[in-house]
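One structure is given below, encoded as structure tokens.
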Amino acid sequence: MLVLQTIRENPEEIIRRLAIKNFDARELIFTIIALDDKRKETQKMLDDNLAQSNSLAREIGNLFKAGKTEEGNLLKEKTSELKELAKELSVTFEATKKELEEVLVKVPNLPHPSIPPGTTPEDNEIVQQEGDFPVLADDAVPHWDLAAKYNLIDFALGNKISGAGFPVYKGKVARLQRALINFFLDQAIQAGYEEIQPPYLVNAASGYGTGQLPDKDGQMYYAPVDDLYLIPTAEVPVTNLYRDVILKESDFPVKNVAYSSCFRREAGSYGKDVRGLNRLHQFDKVEVVQLAHPDKSYEVLEEMRLYVSGLLRMLELPFRVVKLCGGDMSFTSAMTYDMEVWSAAQKRWLEVSSISNFESFQSNRMKLRFKDDTGKTQLAHTLNGSALALPRIVAALLENNQTAAGIKMPAALVKYTGFEMID
RNA sequence: GGAGAGAUGGCCGAGUUGGUCUAAGGCGCACGCCUGGAAAGUGUGUAAUCGCCAAAAGCGGUUCAUGGGUUCGAAUCCCAUUCUCUCCGCCA
């Protein structure tokens, strides 16, 4: 949620910057300003009214104490009119505030000034590319075929017990996943992140805090009996750890890492992009979250990009880093780098991580603040990134490392997997 | 799931015969004094948020789990909800 003050200060600039995200905000912005004007006006009247009531009540109290019952009773009569008006005003006030809030949450985050315009992934800016594409034998196959050949992943069995998008991992690939999780967590801890094990079910307030609600509620699994949502990413519970928290400036940077399963309904997805491990309803991910001082958040974003690059390098996967254009960015993000790994057998880039700076968009919703040097409270910046999501990493590892003798594990993983080869 | 107790500021904790209560006291924290330096001691300060104001100062509103109610007036009384604790039941 954008800070109301900044909207009021330069509405035209807000509109211009949101146009980079292909979002026409003009109507929303002016509705917001009008509602806020109304809110202020109503509050002024209400406050004055309440101030009068309060002073009358005090007077009456003093009269009764002094034994001047009659005068007190006389004064009581004056209050009823005030009370009635106050009731009316507060109804208007609350309704206006609610209406304002509802419109305000519809406005996306502002893209950073450096974000290129654009509408599709083709308009994204490639900022880094590393590693050689592996040269595979002519009979190289995509991971779903390898999974069948070595009896690693059973998609049909997953269908039976849950449905499409819930694969069953077996044997060495199950162990590979466990190895990856530990590898990623250990790396993050070494890089100064504190490990968190968060709940997988969260309440609506948490979903709202990180921006999944109200606009993307169809993407989360929901348990109505208990009014809880399954997390689509550990970002939700971990960032919400700091909801309604006022940090000290010296607390920065706050660095958390969490492994969790992630649950996504992926309503509306189909086709070749969802084949095999490319898109799942349940998958595992290690997520890093940082809270940063507003002056430092873009340095932190770069630090996170370098950190994830390092992971991919250790896994010996060719990758590139893409800075998303306005049209490809999420609702909540101010700047996003996508990390993509080259899948040799599918001959395409697979997104394995998305690293974003949300600036104060999430923290404004969550009331995540810190006290600065001068003792003033201001909003912190939040950032997060996958480090990393497993399924597509597994897909790329299987595909890129296939040989006639079997699938070779990258050296960095062997001490975690306990084997060098899937055969 | 059943029975009972409870929810006050960063933390502990007083206040529940309704009246100047944002709320005693303590701890913590910040700044000073003391000290060669520290500890101890000592002094001062120490909630958030909204509105009025160009801003500071100042003034006003709101907040004692949440929502409603009674009343001129509610931390204090009533109702509902949520959560926590204790006991019982169930249980990895």
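Our numbering puts the last residue of the first sequence at 1152; the count rises by one with no breaks. The C-beta atom is built at its ideal place from N, Cα and C for all residues, glycine as well.
Since T1146 is in the alpha helix (DSSP H), which residue starts that stretch and which ends it?
The residue given as residue 1146 occupies position 417 in the first sequence. Counting along the chain, the alpha helix (DSSP H) containing T1146 begins and ends at A1140 to T1146.
Does DSSP classify M1068 as helix, strand or coil?
As a position in the first sequence, residue 1068 is number 339, starting the count at 1. M1068: strand per DSSP, three-state reduction.
Please classify G892: does DSSP put it in a helix, a strand, or coil?
Here residue 892 refers to the residue found at position 163 of the first sequence. If DSSP states are grouped into helix, strand and coil, G892 belongs with coil.
Could you tell me which of V732, P740, D867 and M1043 sits nearest to I1122, measuring between CA atoms?
Here residue 1122 refers to the residue found at position 393 of the first sequence. Sorting V732, P740, D867 and M1043 by C-alpha distance to the C-alpha of I1122 places M1043 at the top.
Kindly indicate which three-state DSSP category K984 falls into: helix, strand or coil?
Within the first sequence, residue 984 is the residue found at index 255, counting from 1. Three-state DSSP puts K984 in a strand.
Locate the alpha helix (DSSP H) running through Y1036, then write down its first and last residues.
By 1-based counting over the first sequence, the position of residue 1036 is 307. Unbroken alpha helix (DSSP H) run through Y1036: S1026 to M1043.
Once you ignore the five residues that flank E1149 on each side, which residues in its own chain have a CB closer than 8 Å to its CB?
Your numbering for residue 1149 matches position 420 in the first sequence. Cβ neighbours of E1149 beyond the five flanking positions: K1137, M1138 and V1143.
For N739, does the count of other Cβ atoms within 10 angstroms reach 16, so buried, or fall short, so exposed?
The count along the first sequence starts at 1 and reaches residue 739 at position 10. Burial call: exposed.
On the criterion of 16 or more Cβ atoms from any shown chain inside 10 Å, does Y1062 qualify as buried, or is it exposed?
The sequence position of residue 1062 within the first sequence is 333, counting from 1. Per the sequence shown, the amino acid found at residue 1062 is Ser instead of Tyr. The residue in question, S1062, is buried, as its Cβ has 16 or more Cβ neighbours within 10 Å.
Which residue marks the beginning of the beta strand (DSSP E) containing G1114, and which one marks its end?
Here residue 1114 refers to the residue found at position 385 when the first sequence is read from its first residue. Here the beta strand (DSSP E) through G1114 covers H1110 to A1118.
Let me know the secondary structure DSSP gives I743 once reduced to three states.
In the first sequence, the residue the question calls residue 743 occupies position 14. DSSP places I743 in helix when its eight states are reduced to three.
Do the region 1112-1131 and the region 850-859 touch if we need at least three Cβ pairs shorter than 8 Å?
no
So, with DSSP's three-state summary, where would you put I1136?
For this step, residue 1136 is matched to residue 407 along the first sequence. Three-state DSSP puts I1136 in a strand.
Here's a check: name, in chain order, each residue in its chain whose Cβ is nearer than 6 Å to the Cβ of R1094, leaving out the five neighbours to either side.
By one-based count along the first sequence, residue 1094 stands at place 365. The beta carbon of R1094 is closer than 6 Å to those of M730 and G938 in its chain, skipping five residues each way along the sequence.
Can you tell me which of I918, D1101 and E806 puts its alpha carbon nearest to the alpha carbon of V1015?
Looking up residue 1015 in the first sequence gives position 286. Minimum Cα distance to V1015 is reached at I918.
Under a Cβ-count criterion, where at least 16 other Cβ atoms within 10 Å of its own Cβ denotes burial, should G947 be classed as buried or exposed?
Indexing the first sequence from 1 puts residue 947 at position 218. With fewer than 16 other Cβ atoms within 10 Å, it is exposed.
From this set, F759, D1057, L811 and Q772, which residue's C-alpha is nearest Q781's C-alpha?
Along the first sequence, read from residue 1 onward, the residue named residue 781 stands at position 52. Checking every option, the nearest Cα to that of Q781 belongs to L811.
Determine whether the beta carbon atoms of D1057 and N838 lie at a separation below 8 Å.
Start at 1 with the first residue of the first sequence, and residue 1057 comes out as number 328. Start at 1 with the first residue of the first sequence, and residue 838 comes out as number 109. The answer is no: Cβ separation not under 8 Å.
Could you tell me which uninterrupted alpha helix (DSSP H) segments, each at least 4 residues in length, are contained entirely in the region 762-820, listed from first to last along the chain?
List check, alpha helix (DSSP H) in window: nothing returned.
What does a CB cutoff of less than 8 Å around T735 pick up in its chain, not counting 5 residues either side in sequence?
Counting from 1 along the first sequence, the entry for residue 735 is found at position 6. Same-chain partners within the cutoff: I743.
When the Cα of G1104 is compared with those of F1012, S1026, L976 and L1112, which residue comes out closest?
Taking the first residue of the first sequence as position 1, residue 1104 is located at position 375. Of F1012, S1026, L976 and L1112, the residue nearest in Cα terms is L976.
Relative to the alpha-carbon of V832, which residue among D1152, A1141 and L757 has its alpha-carbon at the smallest distance?
By one-based count along the first sequence, residue 832 stands at place 103. Comparing Cα-Cα distances from V832 to each of D1152, A1141 and L757, the minimum goes to L757.
Measure the Cβ-Cβ separation of T1065 and I1084 and say whether it is below 8 Å.
Residue 1065 sits at position 336 when you count from the first residue of the first sequence. Residue 1084 sits at position 355 when you count from the first residue of the first sequence. Cβ distance < 8 Å, so T1065 and I1084 count as in contact.
Hey, out of K750, L1006 and W1071, whose CA is closest to F862's CA?
Mapped onto the first sequence, residue 862 falls at position 133. Checking every option, the nearest Cα to that of F862 belongs to W1071.
Return the chain-ordered list of same chain residues with a C-beta closer than 6 Å to the C-beta of E978, the five sequence neighbours on each side being excluded.
Sequence index remark: in the first sequence, residue 978 carries index 249 (1-based). Closer than 6 Å at the Cβ level, and outside the excluded window around E978, lie F1099 and D1101.
So, helix, strand or coil for I749, using DSSP?
Taking the first sequence and counting its residues from 1, one reaches residue 749 at position 20. Reduced to three states, the DSSP call for I749 is coil.
So M1068 packs on L1041, CB below 8 Å; how close in whole Å?
Numbered from its first residue, the first sequence carries residue 1068 at position 339. Numbered from its first residue, the first sequence carries residue 1041 at position 312. Right, the Cβ-Cβ distance comes to about 7 Å (below 8 Å), so this counts as a contact.
Can you tell me which of the three DSSP states K1014 falls into?
If you number the first sequence from 1, residue 1014 lands on position 285. DSSP places K1014 in strand when its eight states are reduced to three.
Assign S1085 to one of three DSSP states: helix, strand, or coil.
Position 356 of the first sequence, counting from 1, holds the residue named residue 1085. Three-state DSSP puts S1085 in a strand.
Check whether the region 959-973 and the region 985-994 are in contact - that is, three or more C-beta pairs closer than 8 Å.
yes
Contact belief for I749 with G1055 at Cβ below 8 Å, rounded distance in angstroms:
For the purposes of this step, residue 749 is taken as the residue at position 20 of the first sequence. For the purposes of this step, residue 1055 is taken as the residue at position 326 of the first sequence. Sure, about 4 Å apart at Cβ, within 8 Å.
Please name the residue in F1048, R904 and P982 whose C-alpha comes closest to that of S1082.
Working through the first sequence from its first residue, we reach residue 1082 at position 353. It is F1048.
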